[in-house]
Every structure is written in C-alpha cells, then in structure tokens.
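Throughout the sequence shown, residue numbering follows this note's numbering, covering 1 to 375 in sequence. What follows is a short report on a single structure.
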Amino acid sequence: MRADAAARNGGPARADAAARSGGPMRADAAVRDGGGPTRDGGNARAGDGPAMGDGPAMLEVRGLRQHFPVRKDGKKRFLKAVDGVDLEVRAGETFGLVGESGCGKSTLARSVIRIYEPTGGQVLVDGEDITHKPQKQLRPLRKKMQMIFQDPYSSLNSRMSVRDILMEPLIASHVGESAAQREEMAMRALARVGLMADAAGRYPHEFSGGQRQRVGIARALITRPKLVICDEAISALDVSIQAQVVNLLGEFQRELGLAYLFIAHDLSMVRYVSHRVGVMYLGRMAEVCGSEEIYANPLHPYTQALLESIPIPDPAVAAGARAARLEGEVPSPIDPPAGCHFHPRCPKAMSVCRQEEPAMREMGGDHCVRCHLYG
Ligand SMILES: Nc1ncnc2c1ncn2[C@@H]1O[C@H](COP(=O)(O)OP(=O)(O)OP(=O)(O)O)[C@@H](O)[C@H]1O
Ligand code: SF4
Ligand SMILES: [Mg+2]
1 MRADAAARNG GPARADAAAR SGGPMRADAA VRDGGGPTRD GGNARAGDGP
51 AMGDGPAMLE VRGLRQHFPV RKDGKKRFLK AVDGVDLEVR AGETFGLVGE
101 SGCGKSTLAR SVIRIYEPTG GQVLVDGEDI THKPQKQLRP LRKKMQMIFQ
151 DPYSSLNSRM SVRDILMEPL IASHVGESAA QREEMAMRAL ARVGLMADAA
201 GRYPHEFSGG QRQRVGIARA LITRPKLVIC DEAISALDVS IQAQVVNLLG
251 EFQRELGLAY LFIAHDLSMV RYVSHRVGVM YLGRMAEVCG SEEIYANPLH
301 PYTQALLESI PIPDPAVAAG ARAARLEGEV PSPIDPPAGC HFHPRCPKAM
351 SVCRQEEPAM REMGGDHCVR CHLYG
C-alpha cells in the first residue's frame, strides 16, 4: 500500500522531502519568492514538499456525472457540467483540481458533498457509498465531509455571531453533550485558527477577508471531518494571507490526517499545496499525476497550455518564453465538440481527434492522460 501511494504521489523523493520539512502545504516560500508561485519558481519550495497521502481512501469518485436540464432554442437539453469523472483522495493527501472557469470544478464538489443529486456514477466517502443516500441519512455523515468556500462573506450567515456560526454544525451533527460543551469547542476552534476569544461575539462583517476565512475554516473543521473540499478557498485573499491560510490548512492536515480536495483556477498555488493534481476540461479529467510530475512532464496539450499561461516574474525569462498558447473560448457544455472536447483549441489536433473521444490512459508512475497522442 505504501509503495503504491508513493508512486501515486510522485515517487519516494517526495516522502524524503516531506520528512525533512515535517509537513505539507507550505506556501510561505512561494510568497517570499515574488508574490506567489510561478512557472519558473520551482526552487522556491525546496524541502517543503507535502507529507505523503498514503492512508485509506477518504473520497472515491467513479464515473461521476452531473447533467443539468436547461432550455436552448426552446428545446429541453442537458448541460453536462461533470461528465464521467474518476478520482480518489486518500487520508493525509491533498488532491488539487484545476481548470478554466466553467469546466465543472464547483459542480463536481457540490455533487460530491451532495448539494446536488448526481445524475450518474458513484461517490464514496470513507468507504461508504453516499451517491443516492436520502438527505436524512446523510445528516450524520455530514460531519465527515465539509466544505470551505471562496467567499466566506457569503457563505457565513451575516446575522449570526461567530459563536453561533461555529456551534451550528455541532448541533446539526449532534456533536457535544451540552450547550456549554459545544461553546467550549467553539472557543477552542477559534483559538486554533488564530482568532482571539472576543471574536466569538462579533459578526462576519466585522472581520477582514483573511479573518473571515479563518472563521470559515474553524467552522469546517470543528466537526473533525475526514474530507474537506476547499473550493477556491484562498483565491480571493491577498498573497501573504493566502500563505497563512494554506499553512493553517497544512497544520490541520498533519494533525488530523485530513483529505483535501483543493480546487483552484490555475496550476500555480496548487503546485505548492497538492500531492497530486487533476486537470479538468469541459466536465472531464484530461490528466492526473503527482504535482511535481505535472510541472516536469505535462503530457496533455491542455495542461501544457495552462502551464504556459502562468505568469513569469522575471522579464528577461518572460521575453524568451513562448507565448501562452491557450486560445479560444471554452465550448458550451450543452454542445461539446465531438471526439476530443479540446480539439478546436488544440495545436496538436489530428483528424482522429475530431471523431473519436480519447480514453484515459495509464502512462506509468500513476500518470494518466486522455489524449490520442499517447496511444
Ligand atoms: N445549477 C446549475 N444549473 C445549470 N447549469 C449550471 C449550474 N451550476 C453550474 N452550471 C454550469 O455548469 C458548468 C460548470 O460550472 P462550475 O461552476 O462547476 O464551473 P467551475 O469550474 O467551478 O468554474 P469557476 O472556475 O468559474 O468557479 C458551467 O457551464 C455552469 O454554467
Ligand atoms: S486528443 Fe487530439 S485534440 Fe485532444 S488533446 Fe490530444 S492531440 Fe489535442
Ligand atoms: Mg467554481
């Protein structure tokens, strides 16, 4: 099991790095080196590799589909927001999910956590199939899976004090034996995310963005979940605050063995926080591999284009670099292109790409890619 996990996470070198640094998700080095991680900033994280995610599977997603009924030209159609996604996240592992706006990242997260009823496929959390569990039966399971959103301002109830915000999930999940015990847990959670005790009586609008996200984290983690989905959880924060929040998430991961599904728009910060990365395009997974591997050896033309569109801080390096090749709009998920969904934008498209949908292929070392160039 350990050997498999090592392979899945980019090889034994990562374990050594993690052991040296003592833990995952260090973002401070990235921030020190020029306002955030960049395409050529790989040396910024020397020794700061994430810990291995070699525990049991906390999330298994198999062939997940989420199709929304919509009307187009007066006809009922289906928008295929998620269209057959497989992924797995293990205890102690961070799986980064990236892709352009509209590719289905949030829909995947919402289907996993059963905000949406999946159209098809399977979702297992901590080994339990929750795909079609009635909401009533899901309630006790909710404490195992929590979500941290991009905008804590809209995800935190503005009319509730922080104390009530933190106690609400405890009450809903029947955690704690009395109000006094739940309040004590709320106060401990506040301290744990670095907020003063007097924050308990204040309201979300009284905090800065970074402090609000700390409240969001405390609320998500207070039930001691096993799986936490971070949907653009740091995207709206200043770069220095991003680093603090990422490091806080990393501390919790080490302490609690949390599995994170970490959703972000681009590959930059994801590199520093993830053990493995999945690149999504138009509702499907295009490529999955260890986070070092995706930078060292991106195989899918879409991944390559995404990487090339990451800004380079040094003007001299930037001048010599190839121009970003990611051109054209993302096609509509109501009428996705035939064959490979990426073919209208792909600089390497062949005639087969317009006709046949490529299958996901294992390329060795737990690197998988969906592209006709590879078989
Ligand atoms: N409830 C819904 N009903 C119909 N279509 C939806 C619904 N939710 C999302 N969509 C559509 O599904 C597709 C995927 O949206 P989603 O929000 O999952 O993308 P995303 O990858 O999270 O994008 P972003 O990076 O902008 O957050 C989009 O075309 C979106 O318009
Ligand atoms: S299958 Fe063809 S069109 Fe699709 S990414 Fe590969 S080369 Fe490009
Ligand atoms: Mg989203």
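Using N, Cα and C, we set each Cβ at its ideal position, and we do this for glycine too. Note that the coordinates shown come from a computational prediction; the quantities given were computed from them, not determined experimentally.
CB of residue i within 8 Å of CB of residue j, strictly
| i | j | result |
| --- | --- | --- |
| Leu-261 | Ile-217 | no |
| Asp-83 | Arg-65 | yes |
| Val-330 | Gly-104 | no |
| Arg-361 | His-343 | no |
| Ala-186 | Ile-229 | no |
| Phe-384 | Arg-276 | What is shown of the chain runs 1 to 375, which leaves residue 384 out entirely. |
| Val-288 | Cys-340 | no |
| Val-215 | Pro-204 | yes |
| Val-123 | Ala-264 | no |
Spatially closest choice to residue i from the options, by CA coordinates
| i | options | result |
| --- | --- | --- |
| Leu-141 | Gly-127, Phe-78, Met-350 and Ile-148 | Gly-127 |
| Ala-57 | Leu-138, Glu-88, Gly-375 and Glu-292 | Glu-88 |
| Asp-335 | Glu-60, Ser-173, Val-70 and Gly-55 | Val-70 |
| Ser-111 | Gln-244, Gly-194, Asp-151 and Lys-80 | Lys-80 |
| Ser-154 | Ala-189, Gly-209 and Gly-290 | Gly-209 |
| His-174 | Leu-256, Arg-224, His-205 and Asp-238 | Arg-224 |
| Tyr-302 | Met-285, Gly-290 and Glu-292 | Met-285 |
| Leu-108 | Gly-92, Glu-60 and Gln-211 | Glu-60 |
| Ala-305 | Gly-55, Gly-92, Lys-72 and Glu-100 | Glu-100 |
| Gly-250 | Phe-78, Ala-91, Ala-172 and Gly-74 | Ala-91 |
| Leu-299 | Lys-72, Tyr-374 and Thr-131 | Tyr-374 |
| Lys-144 | Leu-156, Pro-134, Ile-130 and Ile-310 | Ile-130 |
| Arg-202 | Pro-118, Asn-157 and Arg-77 | Asn-157 |
| Met-280 | Phe-78, Asp-86, Glu-206 and Ala-338 | Asp-86 |
| Leu-256 | Leu-227, Gly-364 and Lys-75 | Leu-227 |
| Ser-235 | Gln-150, Gln-135, Pro-134 and Glu-206 | Gln-150 |
| Ser-240 | Phe-252, Gln-253 and Gln-211 | Gln-211 |
| Gly-378 | Arg-254, Met-167 and Ala-296 | Any answer about residue 378 is impossible in this case: the structure gives the chain only from 1 up to 375. |
Secondary structure of residue i, DSSP reduced to three states
| i | result |
| --- | --- |
| Arg-90 | strand |
| Glu-184 | helix |
| Leu-256 | helix |
| His-300 | coil |
| Ile-130 | coil |
| Lys-144 | coil |
| Gly-339 | coil |
| Ala-349 | coil |
| Val-175 | coil |
| Asp-83 | strand |
| Gly-210 | helix |
| Asp-198 | helix |
| Ala-324 | Because Ala-324 carries a pLDDT of 46, less than 50, the predicted location of this residue cannot be relied on, and the following value inherits that uncertainty. Coil. |
| Asp-28 | The predicted position of Asp-28 is uncertain, since its pLDDT is 46 and thus under 50; a value taken from the coordinates is nonetheless stated next. Of the three classes helix, strand and coil, the one that applies to Asp-28 here is helix, per DSSP. |
| Gly-216 | helix |
| Ile-229 | strand |
| Gly-250 | helix |
| Glu-100 | coil |
| Gly-364 | coil |
| Ile-263 | strand |
| Tyr-203 | coil |
| Arg-77 | strand |
| Gly-42 | Since pLDDT at Gly-42 reaches only 34, below the 50 mark, its modelled position is unreliable, and the value read off the structure follows with that caveat. Looking at Gly-42 - three-state DSSP - the assignment turns out to be helix. |
| Leu-373 | helix |
Residue range of the unbroken beta strand (DSSP E) whose run includes residue i
| i | result |
| --- | --- |
| Glu-287 | 284-290 |
| Arg-370 | 368-370 |
| Leu-124 | 120-125 |
| Met-278 | According to the sequence as given, residue 278 is Gly; it is not Met. Unbroken beta strand (DSSP E) run through Gly-278: 276-281. |
Delimiting residues of the alpha helix (DSSP H) encompassing residue i
| i | result |
| --- | --- |
| Leu-170 | 162-172 |
| Tyr-153 | 152-155 |
| Lys-72 | No alpha helix (DSSP H) holds Lys-72; the beta strand (DSSP E) holding it covers 57-72. |
| Met-269 | 267-273 |
| Arg-110 | 105-112 |
Rounded Cβ spacing between residue i and residue j (contact assumed at less than 8 Å)
| i | j | result |
| --- | --- | --- |
| Pro-333 | Leu-282 | 6 Å |
| Leu-258 | Leu-307 | Going by Cβ atoms, the distance from Leu-258 to Leu-307 rounds to 28 Å, so no, they are not a contact pair. |
| Ile-165 | Arg-219 | 6 Å |
| Ile-148 | Ala-233 | 4 Å |
| Gln-213 | Pro-152 | 5 Å |
| Gly-278 | Asp-366 | Contact flag wrong, Cβ pair sits at about 12 Å. |
| Ser-161 | Ala-200 | 7 Å |
| Val-273 | Val-246 | 6 Å |
| Asp-231 | Ser-106 | 6 Å |
| Leu-170 | Arg-182 | 5 Å |
| Gly-364 | Arg-345 | About 27 Å separates the two Cβ atoms, so there is no contact after all. |
Cβ-heavy atom distance, residue i to ligand 4, below 7 Å
| i | result |
| --- | --- |
| Glu-100 | Questions concerning ligand 4 fall outside what the structure shown contains, since the ligands it does hold are ligand 1, ligand 2 and ligand 3. |
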